[in-house]
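Enquirer: Protein chains in written order, with this note's numbering: chain A, 1 to 264; chain B, 265 to 526.
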Amino acid sequence: MRYIKIFYLTSQHVLEYKARSFVWFLIALLNPLLLLLFWRGVTFTGTNHIKGWNISTITSYYLLITLANAFLTSHINEDIARDDVRKGELSIYLLKPISYFWKKFIEEIPYKVLQGCFGIIVTIILSFLLGEFFITNSIAIIVMAVLISIFAMLMSFTFKMILGLLSLWLIDIDGFFQLNEMFTLIFAGFVIPLYLFPPLLANIAYVLPYSYMIYFPIIALQGKLTITECLYVLGIQGIWLILFFYSYKYLWINGKKKYSGAGQ
Amino acid sequence: MKRYIKIYLQIIKINIVKLFIYRANFFTSLLSSVGWGVVGIFTMYLLTLRIGSAYGWSREDLIILAAIYPAFSGIFYMLFARNIGNLPEIIHSGELDSVLVKPIDSQFFVSTLSIDFIQIFRVILSASFIIIYGHFVPIHITIFSLTLSILLCIAGISLLYSIWFLVMTIALWFSTLSNLKDLLYTLVATMRFPADMFYKKQGTLFLILIPFSLALTVPVKVMLERSTLLDLVILLLISSIFFITSRFFWKFALRFYTSASG
């Protein structure tokens, strides 16, 4: 019941600052749109596709990035570092009989729903204007893609919680966050689909967790993965989630001992 | 004018001192500033890995455009971005009062107070990359084209400054929209792509981005000796119009400043 109340109060807060939230959405939207526009003016060398990707699939890919970014990506690390650790607001959470992890998670949902709604509206408009937006028509693959997306969202959230908690040890963590953003941009597939990467770089991307938070949910929805491959991706995501969850628990237990409550 | 030069020299001195006070912050900012510069160039490398050309720009030209971007944006960030970005906070907290009572032009003061010297490393990054890249691909740059290009960069930075200032002046009415600054930082990244992208049919959705991309595309075209006289005229004209407008808009908007703070 208490989590429902938190959800209700956060929803009110999110709706109060709709304009601000829309600006954040525009920020996330701009990069994929620029890349999409760039690809539409590209001339290929000799053929009209690269490794099976043509303008149509690339357009869908960038539109889906807009949606995935709105629904799946968490930015909770900045709130934790700035408000909870630096300003000392973590003390309030420590006194309350609720889980810090789940409270933060519930608080994310209304924000994600609003961002997702912006994403759906913009994707519909753009797919009408550009006339090219394709996802798989296989129900089984769609179900798998939804599961992969849920796992991706949990992965992104837990990973960002870990990054946020690291600010209990590192006083100036902004550089670390920036470094993470750079890795995400390249290895999550925001620039080009990882399938088009040079082999060495692609292998690095498949080992790192970033691709499982953005790239795989998208290509699953595009129908570029078989059921077996989807299950394999879910398995890897599961391993990452277990690893992240135990890392979070370790950092939370030890971080509380480091926390002075005075702010930084 | 002489008084303003004197004041600006003082501002430079203060900011050099500040740079050495916050040494921990120095390395974080250095990492972030140079890192994003490298990522920008690497992004264009990845994007153009398997293509012939885009919008009439060859792969090499596109990489040069992306490589000059860190230097160009770095100079803008160094001189103006942080100051203009702080406007909503200054307005929201009522700090603008203390600026308005000073015997100095308020736009000059709020635009120049802080200088982020770390951004110089982005210029070094760009210059080093182009020198190295020039050894591997044939780039034809003459002293004349380079000089003209640098002069046009000043017009480009002035255009960028005016757009930022125009947008952030809106904070005089909506001071809680502090994330407008983040939107502007994202819009600056438009300059990594050629302005030609927005002239084509599908680009009409993005007409609003043309001034951003023109700011760098024209100087780079001049450097690569691919520009026309019209390109130069358009940049100079747009740059002047935006600067004059930003000036008038600031003076107009100040009438609505209530000094009440948020």
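Glycine is no exception: its CB is placed at the ideal position from the N, C-alpha and C atoms.
#1: Suppose the cutoff is 7 Å on Cβ atoms and the five residues either side in sequence are ignored; what does the same chain contact list for residue 304/B look like?
#2: Does the distance from the CB of residue 237/A to the CB of residue 144/A come in under 8 Å?
#3: When you compare the CB positions of residue 162/A and residue 227/A, do they come within less than 8 Å of one another, or not?
#4: Am I right that residue 60/A and residue 178/A are in contact with their C-beta atoms under 8 Å? What's the rounded C-beta distance?
#5: Going by C-alpha distance, which of 302/B, 345/B, 297/B is nearest residue 444/B?
#6: Flag this pair as yes or no: are the beta carbons of residue 476/B and residue 348/B separated by less than 8 Å?
#7: Less than 8 Å between the C-beta atoms of residue 42/A and residue 315/B, yes or no?
#8: With a threshold of 16 other CB atoms inside 10 Å of the CB of residue 40/A, please say whether the residue is buried or exposed.
#9: Does any CB atom of chain B fall closer than 8 Å to the CB of residue 38/A?
#10: What alpha helix (DSSP H) runs, 4 residues minimum, are completely inside the stretch 170-218 of chain A?
#11: Are the C-beta atoms of residue 150/A and some chain B residue less than 8 Å apart?
#12: Residue 368/B to residue 267/B, Cα distance in whole Å?
#13: Do we get a CB-CB distance below 8 Å when we pair residue 526/B with the residues of chain A?
#14: Of the choices 181/A, 199/A, 57/A, whose alpha-carbon is the least far from that of residue 136/A?
#15: According to the Cβ coordinates, are residue 138/A and residue 217/A closer than 8 Å?
#16: With three or more beta-carbon pairs closer than 8 Å as the criterion, would you say the stretch 403-416 of chain B touches the stretch 353-364 of chain B?
#17: Quick one, which of 190/A, 184/A, 256/A, 199/A has its alpha-carbon nearest residue 208/A's?
#18: Taking 8 Å as the threshold (beta carbon to beta carbon), is residue 296/B in contact with chain A?
#19: Can you list, in chain order, the residues of its chain whose CB lies under 6 Å from that of residue 515/B, leaving out five sequence neighbours each side?
#20: Starting from residue 255/A, follow the beta strand (DSSP E) in both directions and report where the run begins and ends.
#21: Could you round the C-beta distance between residue 420/B and residue 336/B to whole angstroms and report it? I think they count as a contact, below 8 Å.
#22: By the three-class DSSP mapping on this structure, what secondary structure does residue 270/A have?
#23: Hey, residue 506/B and residue 427/B are a contact pair by Cβ (cut 8 Å); roughly how many whole angstroms apart?
#24: Starting from residue 328/B and walking both ways along the alpha helix (DSSP H), at which residues does that stretch end?
#25: For the stretch 108-120 of chain A and the stretch 24-38 of chain A, state whether three or more C-beta atom pairs, one from each stretch, are separated by less than 8 Å.
#26: Using a 10 Å radius around the Cβ and a threshold of 16 neighbouring Cβ atoms, would you call residue 12/A buried or exposed?
#27: Assess contact between the stretch 446-462 of chain B and the stretch 311-327 of chain B, defined as three or more Cβ pairs (one per stretch) separated by less than 8 Å. Is contact present?
#28: With C-beta atoms as the reference, is residue 123/A less than 8 Å away from residue 73/A?
#29: Starting from residue 317/B and walking both ways along the beta strand (DSSP E), at which residues does that stretch end?
#30: Provide the residue span of the alpha helix (DSSP H) that contains residue 84/A, from first to last.
#31: Which word fits residue 213/A, buried or exposed, when buried means at least 16 other C-beta atoms lie within 10 angstroms of its C-beta?
#32: Put residue 437/B into one of helix, strand or coil per three-state DSSP.
#33: Can you tell me whether residue 526/B is buried or exposed, with buried defined as 16 or more other CB within 10 angstroms of its CB?
#34: Just tell me which of 68/A, 147/A, 111/A, 53/A has its CA closest to the CA of residue 18/A.
Expert: Working from what's here:
#1: For this step, residue 304/B is matched to residue 40 along the second sequence. The residues are 330, 333, 334, 456.
#2: In the first sequence, counting from the first residue as 1, residue 237/A sits at position 237. In the first sequence, counting from the first residue as 1, residue 144/A sits at position 144. Contact flag unset, no.
#3: Within the first sequence, numbered from 1, the residue matching residue 162/A stands at position 162. Within the first sequence, numbered from 1, the residue matching residue 227/A stands at position 227. Taking 8 Å as the Cβ cut-off, residue 162/A and residue 227/A do not qualify as a contacting pair.
#4: By 1-based counting over the first sequence, the position of residue 60/A is 60. By 1-based counting over the first sequence, the position of residue 178/A is 178. With a Cβ gap of about 30 Å, residue 60/A and residue 178/A do not count as contacting.
#5: The count along the second sequence starts at 1 and reaches residue 444/B at position 180. Of 302/B, 345/B, 297/B, the residue nearest in Cα terms is 345/B.
#6: Your numbering for residue 476/B matches position 212 in the second sequence. Your numbering for residue 348/B matches position 84 in the second sequence. The answer is no: Cβ separation not under 8 Å.
#7: Here residue 42/A corresponds to residue number 42 of the first sequence, with the count starting at 1. Here residue 315/B corresponds to residue number 51 of the second sequence, with the count starting at 1. Yes, Cβ-Cβ distance for residue 42/A and residue 315/B is below 8 Å.
#8: Along the first sequence, read from residue 1 onward, the residue named residue 40/A stands at position 40. Buried: at least 16 other Cβ atoms inside 10 Å.
#9: Sequence index remark: in the first sequence, residue 38/A carries index 38 (1-based). True, the Cβ-Cβ gap to chain B drops below 8 Å.
#10: 174-187, 199-207
#11: Residue mapping note: residue 150/A aligns to position 150 of the first sequence, counting from 1. Judged by the 8 Å Cβ criterion, residue 150/A is not in contact with chain B.
#12: Counting from one through the second sequence, the residue named residue 368/B turns up at place 104. Counting from one through the second sequence, the residue named residue 267/B turns up at place 3. Cα to Cα, residue 368/B sits roughly 10 Å from residue 267/B.
#13: On the second sequence, residue 526/B is found 262 positions in, with the first residue counted as 1. Here residue 526/B scores only 49 on pLDDT, less than 50, and its place in the model should not be relied on; the value that follows carries that caveat. Answer no: the Cβ-Cβ gap between residue 526/B and chain A never drops below 8 Å.
#14: Within the first sequence, the letter at position 136 stands for residue 136/A. Among 181/A, 199/A, 57/A, the Cα nearest to that of residue 136/A is on 57/A.
#15: As a working note, residue 138/A is residue 138 in the first sequence. As a working note, residue 217/A is residue 217 in the first sequence. Not a contact, by the Cβ cut-off of 8 Å.
#16: no
#17: Here residue 208/A refers to the residue found at position 208 when the first sequence is read from its first residue. Considering only alpha carbons, the answer is 184/A.
#18: Translated into positions along the second sequence, residue 296/B becomes position 32. So yes, residue 296/B belongs to the interface.
#19: Within the second sequence, residue 515/B is the residue found at index 251, counting from 1. Closer than 6 Å at Cβ, skipping near neighbours: no residue.
#20: Reading the first sequence from its first residue, position 255 is the one you call residue 255/A. Looking at the DSSP string, residue 255/A is not in any beta strand (DSSP E); the run it does join, the alpha helix (DSSP H), is 227-258.
#21: One-based indexing of the second sequence puts residue 420/B at position 156. One-based indexing of the second sequence puts residue 336/B at position 72. About 7 Å; that satisfies the 8 Å criterion.
#22: This structure leaves residue 270/A out entirely; chain A is present only between 1 and 264.
#23: The sequence position of residue 506/B within the second sequence is 242, counting from 1. The sequence position of residue 427/B within the second sequence is 163, counting from 1. Their Cβ separation, rounded to whole angstroms, is 6 Å, which keeps residue 506/B and residue 427/B in contact under 8 Å.
#24: One-based indexing of the second sequence puts residue 328/B at position 64. From DSSP, the alpha helix (DSSP H) with residue 328/B extends over 323-340.
#25: yes
#26: For the purposes of this step, residue 12/A is taken as the residue at position 12 of the first sequence. With fewer than 16 other Cβ atoms within 10 Å, it is exposed.
#27: yes
#28: On the first sequence, residue 123/A is found 123 positions in, with the first residue counted as 1. On the first sequence, residue 73/A is found 73 positions in, with the first residue counted as 1. No, the pair does not count as a contact, with Cβ atoms beyond the cut-off.
#29: For this step, residue 317/B is matched to residue 53 along the second sequence. Residues 315-318.
#30: In the first sequence, counting from the first residue as 1, residue 84/A sits at position 84. Where residue 84/A is concerned, there is no enclosing alpha helix (DSSP H), given that its DSSP letter is neither H nor E.
#31: Walking along the first sequence from the start, residue 213/A turns up at place 213. Counting Cβ neighbours within 10 Å, residue 213/A comes out buried, since at least 16 surround it.
#32: In the second sequence, the residue the question calls residue 437/B occupies position 173. Coil at residue 437/B, not helix or strand.
#33: To locate residue 526/B, count along the second sequence from 1; it is residue 262. Confidence in residue 526/B is poor, its pLDDT being 49 and thus under 50, which makes the residue's placement too unreliable to answer from.
#34: The sequence position of residue 18/A within the first sequence is 18, counting from 1. Answer by Cα proximity: 111/A.
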